[in-house]
Amino acid sequence: MQTLRNIKLRRLASNTSLPPSSSFTHLPRMRRCLSPVSSCLAFSTGTLLLASLLLSMMRSCSDSGSSLIKNFSASTASLTVNRAKEIGLLNATEDLYDGVTVEMKEPMESEVFVSLLRASMSKWRQQGKKGVWIKLPIQLSSLVEPVVQEGFRYHHAESDYLMLVHWIPNTPDTLPENASHRVGIGAFVINNNREVLVVKEKNGGFRGTGVWKLPTGVVHEGEDICAAAVREVKEETD
Numbered sequence: 019m020q021t022l023r024n025i026k027l028r029r030l031a032s033n034t035s036l037p038p039s040s041s042f043t044h045l046p047r048m049r050r051c052l053s054p055v056s057s058c059l060a061f062s063t064g065t066l067l068l069a070s071l072l073l074s075m076m077r078s079c080s081d082s083g084s085s086l087i088k089n090f091s092a093s094t095a096s097l098t099v100n101r102a103k104e105i106g107l108l109n110a111t112e113d114l115y116d117g118v119t120v121e122m123k124e125p126m127e128s129e130v131f132v133s134l135l136r137a138s139m140s141k142w143r144q145q146g147k148k149g150v151w152i153k154l155p156i157q158l159s160s161l162v163e164p165v166v167q168e169g170f171r172y173h174h175a176e177s178d179y180l181m182l183v184h185w186i187p188n189t190p191d192t193l194p195e196n197a198s199h200r201v202g203i204g205a206f207v208i209n210n211n212r213e214v215l216v217v218k219e220k221n222g223g224f225r226g227t228g229v230w231k232l233p234t235g236v237v238h239e240g241e242d243i244c245a246a247a248v249r250e251v252k253e254e255t256d
């Protein structure tokens with residue numbers, strides 16, 4: 019009987035498919051005609067059938083779950099594209115050199131931004147635009163990586179924003195480099211007695227040297243040169 023039991027268990031273990039329903043009708047007959055060991059075999063058969071059924075259900079749920087995940091991902095992508103279409107193109111300002119500048123101000127999801135950027139680039143390419151400038155404030159730093167992945171490069175950065183650029187046509191890139199110099203002024207002031215104004219610096223390289231010099235200084239960003247000269251004279255004669 020022990021040998022018979024081992025043979026039966028090996029056959030049952032190798033059969034991973036669910037037996038036909040007719041097999042269930044013979045289980046009571048097996049219990050009546052066989053020994054207690056056979057009863058144990060019948061119990062094991064029921065256990066394996068239950069395990070096989072559970073395994074089939076798990077596989078079915080797994081396949082359904084995969085389908086749901088795929089459908090959800092596809093739906094999410096579709097919603098992103100639809101949202102981009104609803105918004106339209108990126109707001110841009112044209113310059114005098116066939117270029118455009120995009121100044122981002124409002125928060126935006128990276129997926130939506132990339133969709134808008136691609137649509138805008140296609141439009142600008144059709145219009146014959148050349149240079150594209152994108153100004154990203156520090157609050158939107160999460161958009162830097164998506165912009166770079168679309169072929170943009172760093173141009174310059176300030177304390178509160180980053181400027182990225184892209185040259186559209188297949189010609190040499192002629193976008194100007196970032197400013198690398200500062201403009202300085204020197205004021206030549208003469209009075210009615212033909213006397214020239216000279217000063218001693220309170221700050222700077224000549225401070226404490228006793229050297230007399232013309233009023234000098236640096237022009238502020240966006241400041242007129244003449245206005246800068248007047249300002250420096252006032253500052254150095256106070």
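Just so we're aligned: the sequence shown equals residues 19 to 256 in our numbering. From the three backbone atoms N, C-alpha and C, an ideal C-beta is built for every residue, glycine too.
Let me know the secondary structure DSSP gives ALA175 once reduced to three states. Indexing the sequence shown from 1 puts residue 175 at position 157. In the structure shown, ALA175 sits in a strand (DSSP, three-state: E or B).
Less than 7 Å separating the beta-carbons of TRP142 and VAL183? Along the sequence shown, read from residue 1 onward, the residue named residue 142 stands at position 124. Along the sequence shown, read from residue 1 onward, the residue named residue 183 stands at position 165. Cβ distance not < 7 Å, so TRP142 and VAL183 don't count as in contact.
From ARG136 to VAL120, what does the alpha carbon distance come to, in whole angstroms? Your numbering for residue 136 matches position 118 in the sequence shown. Your numbering for residue 120 matches position 102 in the sequence shown. Those two C-alpha atoms are separated by around 13 Å.
Exposed or buried, which one is VAL118 when buried takes at least 16 other CB atoms within 10 Å? The residue you call residue 118 lines up with position 100 of the sequence shown. By the 10 Å Cβ count, VAL118 comes out buried.
Got a sec, what are the start and stop residues for the beta strand (DSSP E) LYS153 sits in? For the purposes of this step, residue 153 is taken as residue 135 along the sequence shown, with counting starting at 1. Looking at the DSSP string, the run of the beta strand (DSSP E) that includes LYS153 is 149 to 155.
For THR234, three-class secondary structure by DSSP: On the sequence shown, position 216 is the one that residue 234 refers to. Strand.
Kindly indicate the opening and closing residues of the beta strand (DSSP E) around ILE203. Within the sequence shown, numbered from 1, the residue matching residue 203 stands at position 185. Where ILE203 is concerned, the enclosing beta strand (DSSP E) stretches over 202 to 204.
Quick check: the stretch 184 to 199 against the stretch 156 to 174, are there 3 or more CB pairs under 8 Å? yes
I'd like the span of the alpha helix (DSSP H) that includes GLU239, first residue to last. Residue numbering aside, residue 239 sits at position 221 when the sequence shown is read from its first letter. Premise fails: GLU239 is in no alpha helix (DSSP H) and is neither H nor E.
Which class does MET139 belong to by DSSP, given the choice of helix, strand or coil? Here residue 139 refers to the residue found at position 121 of the sequence shown. Under the three-state reduction of DSSP output, MET139 falls in the helix class.
The alpha helix (DSSP H) with GLU163 in it runs from where to where? As a working note, residue 163 is residue 145 in the sequence shown. Element bounds for GLU163: 162 to 167.
Buried versus exposed, by CB contacts within 10 Å (16 or more), PRO233: Within the sequence shown, the letter at position 215 stands for residue 233. It counts as buried.
So if DSSP puts VAL217 in a beta bridge, which residue, or which two residues, is it bridged to? Within the sequence shown, numbered from 1, the residue matching residue 217 stands at position 199. For VAL217, the beta-bridge partners assigned by DSSP are LYS231.
Tell me the rounded alpha-carbon separation between MET122 and PRO190. Sequence index remark: in the sequence shown, residue 122 carries index 104 (1-based). Sequence index remark: in the sequence shown, residue 190 carries index 172 (1-based). Approximately 27 Å, taken between the alpha carbons.
One question on the structure: do VAL217 and GLU254 come within less than 7 Å of each other, judged by their Cβ atoms? As a working note, residue 217 is residue 199 in the sequence shown. As a working note, residue 254 is residue 236 in the sequence shown. Their beta carbons are under 7 Å apart, which means VAL217 touches GLU254 by this criterion.
Collapsed DSSP secondary structure at GLU124 in the structure displayed: Taking the first residue of the sequence shown as 1, we reach residue 124 at position 106. Coil.
Does DSSP classify GLU195 as helix, strand or coil? The residue labelled residue 195 in the question sits at position 177 within the sequence shown. DSSP places GLU195 in coil when its eight states are reduced to three.
Tell me whether SER133 is buried or exposed, calling it buried when 16 or more other Cβ atoms sit within 10 Å of its Cβ. Walking along the sequence shown from the start, residue 133 turns up at place 115. Counting Cβ neighbours within 10 Å, SER133 comes out buried, since at least 16 surround it.
Could you tell me the distance, in whole angstroms, from the CA atom of THR98 to the CA atom of SER160? Translated into the one-based positions of the sequence shown, residue 98 becomes position 80. Translated into the one-based positions of the sequence shown, residue 160 becomes position 142. Model confidence at THR98 stands at a pLDDT of 47, short of 50, so the residue's coordinates are unreliable; what they give is reported in the following sentence. Taking the straight line joining both Cα atoms gives about 17 Å.
Give me the Cα-Cα distance between ASN211 and HIS238, rounded to the nearest whole angstrom. Counting from one through the sequence shown, the residue named residue 211 turns up at place 193. Counting from one through the sequence shown, the residue named residue 238 turns up at place 220. Their Cα atoms are separated by approximately 32 Å.
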